[in-house]
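Peer 1: Can you read through this structure? Questions will come right after.
Number of protein chains: 2
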Amino acid sequence: MLPYKSLIQVDRKAPVALYIQVCNRFIALITDGTLRPSDLLPSSRILAELIGINRHTVRLAYDELISQGWAESVERKGIFVLSRLPDLSRTKLPETNKNDGPKEAFVWTNKFEKAIPSENFQKTGLAIDDGLPDVRLAPVDLLMREYRSISRKFYGRNFLKYGSARGSEHLRVSICNYLSNTRGLVVSPENILITKGSQMGIYLAAQLLLNPTDTIAVGVSNYGSADDTFRHAGANLLRIPIDNNGMDVDHLEAILQHKKIKAVYIIPHHHCPTTVTMNVERRLKLLSLAKEYRFAIVEDDYDFDFHYDNKPYLPLASIDHNQNVIYIGSITKTFAPALRIGFMVGPSVFVEAASSLRQLIDRQGDTLLEEAFAALFDNGEMERHFRKSLTIYKQRRNQFCQVLKTDFKDTIEFKMPEGGLAVWSIFDKNIDLIKMSKDASKKGLYIGNGSFSQNESFFTNALRMGFASLNENEMVKALGILKQVVH
Amino acid sequence: MLPYKSLIQVDRKAPVALYIQVCNRFIALITDGTLRPSDLLPSSRILAELIGINRHTVRLAYDELISQGWAESVERKGIFVLSRLPDLSRTKLPETNKNDGPKEAFVWTNKFEKAIPSENFQKTGLAIDDGLPDVRLAPVDLLMREYRSISRKFYGRNFLKYGSARGSEHLRVSICNYLSNTRGLVVSPENILITKGSQMGIYLAAQLLLNPTDTIAVGVSNYGSADDTFRHAGANLLRIPIDNNGMDVDHLEAILQHKKIKAVYIIPHHHCPTTVTMNVERRLKLLSLAKEYRFAIVEDDYDFDFHYDNKPYLPLASIDHNQNVIYIGSITKTFAPALRIGFMVGPSVFVEAASSLRQLIDRQGDTLLEEAFAALFDNGEMERHFRKSLTIYKQRRNQFCQVLKTDFKDTIEFKMPEGGLAVWSIFDKNIDLIKMSKDASKKGLYIGNGSFSQNESFFTNALRMGFASLNENEMVKALGILKQVVH
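One line per chain: the protein sequences are A and B, in this order.
Just so you know, the first sequence maps onto residues 1 to 487 in the UniProt record's numbering.
Just so you know, the second sequence maps onto residues 1 to 487 in the UniProt record's numbering.
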């Protein structure tokens, strides 16, 4: 007989019933080949004694084994491992560390051997981040109030049932009003898909617009996650220079005369990483090129709500008469990164296709969150929050730039950004950003090393330095540490 | 001069400042070609009079137009539309209904011209659905309590910041414990990715495992959304028969001898649509085939938690010694469809790649929801909810089947399901399900017409009839209506 005393061990403190533990141990013995088809199991009396549990518990375990099809009872003979099971003893693995096991048990091509970088994830300690909002400003109490009110209000709890892949009808109407009020962008709910943040908008647009070997035009410097998303769709990136007025559309025009491109991706407000804003002439020129050459413009305007010195520019989507623009925005960035709500605006046929794809991806968003955000829009709380944050961030931008100007005069070159949450800071060429990042880390400050902004054709000794998530004291402390490590 | 009185109209009740409204109207006039480059704008005095607003407001509007780069001020002459702008008058569209506009302003291939069906979305009235949970049982108050507690507890509100694409570490540990306790599936958090429901698990697995023209084996009858997801990845579906013991793995084996397949998709508990459960012999045989032919098994076990007559069978993932299984589960189905939480379990390299892809799709999940679910697991509330629902659903299943047996003896053939939330009901061939569905609808009952369960190689005059979302009264009412329309 097998040494059941050591093979069948139970844990009386575990939340799993003892008989299930015994049953599962037997299944493990069968599947690892220790017990073979037609093997006799010990009688319940013997096993109960051996492992020190009640005989009734063993019987329950055997019943369970039988009902699940692992064992069979033969009258007056006992309980046997099911004779019809395949003999698994040959598949028993040699005793090895689990990590040494076969890495490629099945055949697949890992398209992500190089992990997607995630440097701009928010850090929990003192950090000069990539340009992220201060989540401490988010009116979480108001959100909670809406949650409570929704969970009480709805008869039959329809907000917990399956809903539309396009997102809550209520929120789509609220977003229509918000877009019209803030951006002069007049659309109807059928032009809107609620996404999980702007990243999902980029992904959906990439998957729908781009086939392998298609070309998409992007900035020489560009938001790295967008580049990754287009590459994942199989597209080739065509890099167009970015200057102080945004993407150089004349350069683009010259290329269009001999090359077919499917789409252009732009960040017209506070381009990532360099924070430049595209001027009106270029916006209009790009729209007319799109019409002539029949490409789509993917307009990523995630930063629209943060513009300090004048009103933000109207999106290309608002001045597009030809339906060439897929407009992507985010509330996530404005409220809190972990609460994923964004939107895609486009021609209704395109939005319909995006909704179908979205249904395959994750079916739908979180209705409770969508309804709560709709309520915050409707009762004006969202706008109050935007206004309040804008005032605070403007102050922080000014303070941050002031310190850069005085304390980093010889080391950092920058232009005060008109909007957005980061300063594009070009460091003196003698400063090694990788070393700087490490040195800062030792002193308790997270700061990037610039690699997130770089790509195969853009290398500047520069960093996006986010000011928005630092209050006055933190800013003083953070820039104090930075000063120590760069001098 | 243009008829500004009609062209520039403002709405004093709108939440947008008047000067912005005026500014935006001018932008519209410029972009639609009504105003051309170098055109003179009316003086602020004249415009103020014409449209009946304060002269100061007009000046603010002009300042805004200038600062955004639409206009320029020429000393002693006035304000002009910027001369450098491209002339847009030629792009002005003829006056047409917006819907008649160009359908294909840009070149793209709509892969979703046939919209993805969504028949199994939950209905809000009286409904015999596809097998959905009763959201009224979901302990929303407890969820709210956790939300409140989390939003108070976390210093610096880290739960609102960007987090990991794999999901909350806390929830991944809780899921490990849950999987070990309920399924004898022993894995570590690095084997787990938190998804937005099981659909995201299917999508990620499909995208990673399947390249265009690859083959995946699925049931002759199968969950339609999974089929759609595999087809979207470009794969060919190989249909394997399903009988009362699940997928016919001998049939599969015969094909494997001459055909390469990349993956097999199975729903081992309560197969969708037919509710059959795969027996142990076939589970073991499939595992050994996977090892021999090096394919991945995508095990969709969304329904594990609802098994009534004995303990549920151990998943293939729990008895797999060779890391061939990608295991997909869902809490969404157990709690509430609109709260999207599921998980994928697999070899750590695969889960890492899935996390990278997920990062491109929507970056991460909703941390607040993930933390709240982790707390509900840890304090035992989730298990209490599972147990409570299980008892209620078992009762409802019994009652539902009892009525089918007595009142639909001659019209519906069925086998009481061991688990899951639906009865696979084969209707008498003389009953036209499309007509039945319409007739029921007229009497206030939603019931499907069977098309969601059908595919190009499976047509049975049958329906999944969900019993779980109906309480006793509703069930009597719903089946009463159904009886009227089928007799």
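Beta carbons: idealized from backbone N, C-alpha and C, even for Gly.
Which same chain residues, not among the five before or five after residue 571 of chain A, have their C-beta less than 8 Å away from its C-beta?
Peer 2: Here chain A covers residues 1 to 487 and nothing more, so residue 571 of chain A does not appear.
Peer 1: Between the alpha carbons of B:Asn382 and A:Gly219, how many angstroms are there, rounded?
Peer 2: Counting from one through the second sequence, the residue named residue 382 of chain B turns up at place 382. Counting from one through the first sequence, the residue named residue 219 of chain A turns up at place 219. Residue 382 of chain B is actually Met in this sequence, not Asn. Roughly 48 Å between the two C-alpha positions.
Peer 1: Sort B:Lys262, B:Gly52, B:Leu82, B:Ala372 by Cα distance to B:Val140 and report the nearest one.
Peer 2: Within the second sequence, the letter at position 140 stands for residue 140 of chain B. Nearest of B:Lys262, B:Gly52, B:Leu82, B:Ala372 to B:Val140, Cα basis: B:Ala372.
Peer 1: Which chain A residues sit within Cβ distance under 8 Å of B:Ala375?
Peer 2: Translated into the one-based positions of the second sequence, residue 375 of chain B becomes position 375. Here the premise fails: no neighbours, minimum Cβ distance about 15 Å.
Peer 1: Can you grab the Cα-Cα spacing for the pair B:Ser225 / A:Gln207, in whole Å?
Peer 2: Within the second sequence, residue 225 of chain B is the residue found at index 225, counting from 1. Within the first sequence, residue 207 of chain A is the residue found at index 207, counting from 1. If you take the alpha carbons of B:Ser225 and A:Gln207, they lie about 18 Å apart.
Peer 1: At least one CB of chain E closer than 8 Å to the CB of B:Met200: is that the case?
Peer 2: No chain E appears in the structure shown, which is made up of the protein chains A and B.
Peer 1: Using CA coordinates, which residue listed in A:Asp243, A:Asn244, A:Pro212, A:Ile242 is at the minimum distance from A:Thr229?
Peer 2: Residue numbering aside, residue 229 of chain A sits at position 229 when the first sequence is read from its first letter. Ranking A:Asp243, A:Asn244, A:Pro212, A:Ile242 by Cα distance to A:Thr229 puts A:Pro212 first.
Peer 1: By DSSP's criteria, B:Val423 is part of a beta bridge. Which residues make up the other side?
Peer 2: Counted from its first residue, the second sequence places residue 423 of chain B at position 423. Its beta-bridge partners are B:Met465.
Peer 1: Using Cβ-Cβ distances below 8 Å, what residues of the region 214-240 of chain B are close to chain A?
Peer 2: From the region 214-240 of chain B, only Ser225, Asp228, Thr229, His232 have a Cβ closer than 8 Å to chain A.
Peer 1: Cβ atoms of B:Asp134 and B:Ser469: under 8 Å apart, would you say?
Peer 2: Against the second sequence, residue 469 of chain B aligns to sequence position 469. Against the second sequence, residue 134 of chain B aligns to sequence position 134. Cβ distance < 8 Å, so B:Ser469 and B:Asp134 count as in contact.
Peer 1: Taking only beta carbons into account, state which residues of the region 300-327 of chain A come closer than 7 Å to chain B, listed in chain order.
Peer 2: The residues in question are Asn310, Lys311, Tyr313, Leu314, Ile319, His321, Asn322, Gln323, Asn324.
Peer 1: So which residues on chain B does A:Thr367 lean against when the C-beta distance must stay under 7 Å?
Peer 2: Here the question's residue 367 of chain A lines up with position 367 in the first sequence. Those within 7 Å of A:Thr367 in chain B are Ala338.
Peer 1: Just list the beta strand (DSSP E) runs in the region 256-327 of chain A, keeping only unbroken ones of 3 residues or longer that don't cross its boundaries, in chain order.
Peer 2: Whole beta strand (DSSP E) segments, 3+ residues: 263-266, 296-300.
Peer 1: For A:Thr31, return the contacting residues in chain B, with the cut-off set at a CB-CB distance below 9 Å.
Peer 2: What you label residue 31 of chain A is simply residue 31 of the first sequence in a count that begins at 1. Residues of chain B passing the Cβ test: Leu284, Leu287, Leu314, Ser318, Ile319, Asp320, His321.
Peer 1: DSSP on A:Ser441, reduced to helix/strand/coil?
Peer 2: Translated into the one-based positions of the first sequence, residue 441 of chain A becomes position 441. In the structure shown, A:Ser441 sits in a helix (DSSP, three-state: H, G or I).
Peer 1: Taking only beta-carbon atoms, is A:Phe295 less than 8 Å away from chain B?
Peer 2: Position 295 of the first sequence, counting from 1, holds the residue named residue 295 of chain A. Yes, A:Phe295 lies at the interface with chain B (some Cβ there is under 8 Å from its Cβ).
Peer 1: Taking only three categories from DSSP, how would you classify A:Phe335?
Peer 2: Here residue 335 of chain A is taken as the residue at index 335 of the first sequence, counted from 1. Correct three-state label for A:Phe335: coil.
Peer 1: Is there a C-beta anywhere in chain B that falls below 8 Å from the one on A:Asn455?
Peer 2: For this step, residue 455 of chain A is matched to residue 455 along the first sequence. It does not: the Cβ of A:Asn455 has no partner Cβ on chain B nearer than 8 Å.
Peer 1: Would you say B:Ile266 faces chain A, with C-beta separation under 8 Å as the test?
Peer 2: Residue mapping note: residue 266 of chain B aligns to position 266 of the second sequence, counting from 1. No, B:Ile266 lies away from the interface with chain A (no Cβ there is under 8 Å from its Cβ).
Peer 1: Tell me the rounded alpha-carbon separation between B:Ala440 and B:Thr275.
Peer 2: Counting from 1 along the second sequence, the entry for residue 440 of chain B is found at position 440. Counting from 1 along the second sequence, the entry for residue 275 of chain B is found at position 275. Answer to the nearest angstrom: the Cα atoms are 24 Å apart.
Peer 1: Where does A:Phe414 sit, in a helix, a strand or coil, going by DSSP?
Peer 2: Numbered from its first residue, the first sequence carries residue 414 of chain A at position 414. DSSP places A:Phe414 in coil when its eight states are reduced to three.
Peer 1: Shorter than 8 Å from the beta carbon of A:Ile27 to some beta carbon of chain B?
Peer 2: As a working note, residue 27 of chain A is residue 27 in the first sequence. So yes, A:Ile27 belongs to the interface.
Peer 1: Assuming A:Lys161 and A:Gly365 make a contact with CB atoms under 8 Å, what is their CB distance in whole Å?
Peer 2: The sequence position of residue 161 of chain A within the first sequence is 161, counting from 1. The sequence position of residue 365 of chain A within the first sequence is 365, counting from 1. The Cβ separation is near 13 Å, so there is no contact.
Peer 1: Can you pull the chain A neighbours of B:Ser151, defined as C-beta to C-beta under 9 Å?
Peer 2: As a working note, residue 151 of chain B is residue 151 in the second sequence. Per Cβ cutoff of 9 Å: Val140, Asp141, Leu143, Met144.
Peer 1: If we count Cβ pairs, one from each stretch, closer than 8 Å, do we get three or more for the region 450-470 of chain A versus the region 5-22 of chain B?
Peer 2: The region 450-470 of chain A, when compared against the region 5-22 of chain B, does not touch it at the 8 Å Cβ threshold.
Peer 1: So, using beta-carbon positions, are B:Arg36 and A:Glu281 closer together than 8 Å?
Peer 2: If you number the second sequence from 1, residue 36 of chain B lands on position 36. If you number the first sequence from 1, residue 281 of chain A lands on position 281. No; because the gap between Cβ atoms is not below 8 Å, this pair is not in contact.
Peer 1: In or out: A:Glu113 buried (at least 16 other Cβ within 10 Å) or exposed?
Peer 2: In the first sequence, counting from the first residue as 1, residue 113 of chain A sits at position 113. That one is exposed.
Peer 1: Quick one: give me the first and last residue of the beta strand (DSSP E) that B:Leu193 is part of.
Peer 2: Indexing the second sequence from 1 puts residue 193 of chain B at position 193. Looking at the DSSP string, the run of the beta strand (DSSP E) that includes B:Leu193 is 192-195.
Peer 1: Could you compute how far the alpha carbon of B:Lys153 sits from the alpha carbon of B:Gln399?
Peer 2: Indexing the second sequence from 1 puts residue 153 of chain B at position 153. Indexing the second sequence from 1 puts residue 399 of chain B at position 399. One C-alpha to the other measures close to 45 Å.
Peer 1: Locate the beta strand (DSSP E) running through A:Phe80, then write down its first and last residues.
Peer 2: Taking the first sequence and counting its residues from 1, the one referred to as residue 80 of chain A is at position 80. 78-81 is the extent of the beta strand (DSSP E) around A:Phe80.
Peer 1: Among B:Asn245, B:Phe386, B:Leu238, which residue has its Cα nearest to the Cα of residue 491 of chain B?
Peer 2: Residue 491 of chain B lies beyond the residue range present for chain B, which begins at 1 and ends at 487; the question has no answer from this structure.
Peer 1: Count Cβ pairs between the region 313-323 of chain A and the region 182-190 of chain A that sit closer than 8 Å; are there 3 or more?
Peer 2: With a cut-off of 8 Å, the region 182-190 of chain A and the region 313-323 of chain A count as touching, because enough Cβ pairs lie within range.
Peer 1: Is the beta carbon of B:Phe458 sitting closer than 8 Å to the one on B:Ser221?
Peer 2: Position 458 of the second sequence holds residue 458 of chain B. Position 221 of the second sequence holds residue 221 of chain B. Yes, the pair counts as a contact, with Cβ atoms nearer than the cut-off.
Peer 1: Could you give the distance in angstroms between the alpha-carbon of A:Thr406 and the alpha-carbon of A:Phe377?
Peer 2: Residue mapping note: residue 406 of chain A aligns to position 406 of the first sequence, counting from 1. Residue mapping note: residue 377 of chain A aligns to position 377 of the first sequence, counting from 1. Near 41 Å, if we compare the C-alpha coordinates of A:Phe377 and A:Thr406.
Peer 1: Is there a Cβ from chain B that is less than 8 Å from the Cβ of A:Ala254?
Peer 2: In the first sequence, counting from the first residue as 1, residue 254 of chain A sits at position 254. Chain B, which has no Cβ nearer than 8 Å to the Cβ of A:Ala254, makes this no.
Peer 1: Pick from A:Ile30, A:Ser38, A:Leu60: whose alpha carbon is nearest that of A:Ser44?
Peer 2: Within the first sequence, residue 44 of chain A is the residue found at index 44, counting from 1. Comparing Cα-Cα distances from A:Ser44 to each of A:Ile30, A:Ser38, A:Leu60, the minimum goes to A:Leu60.
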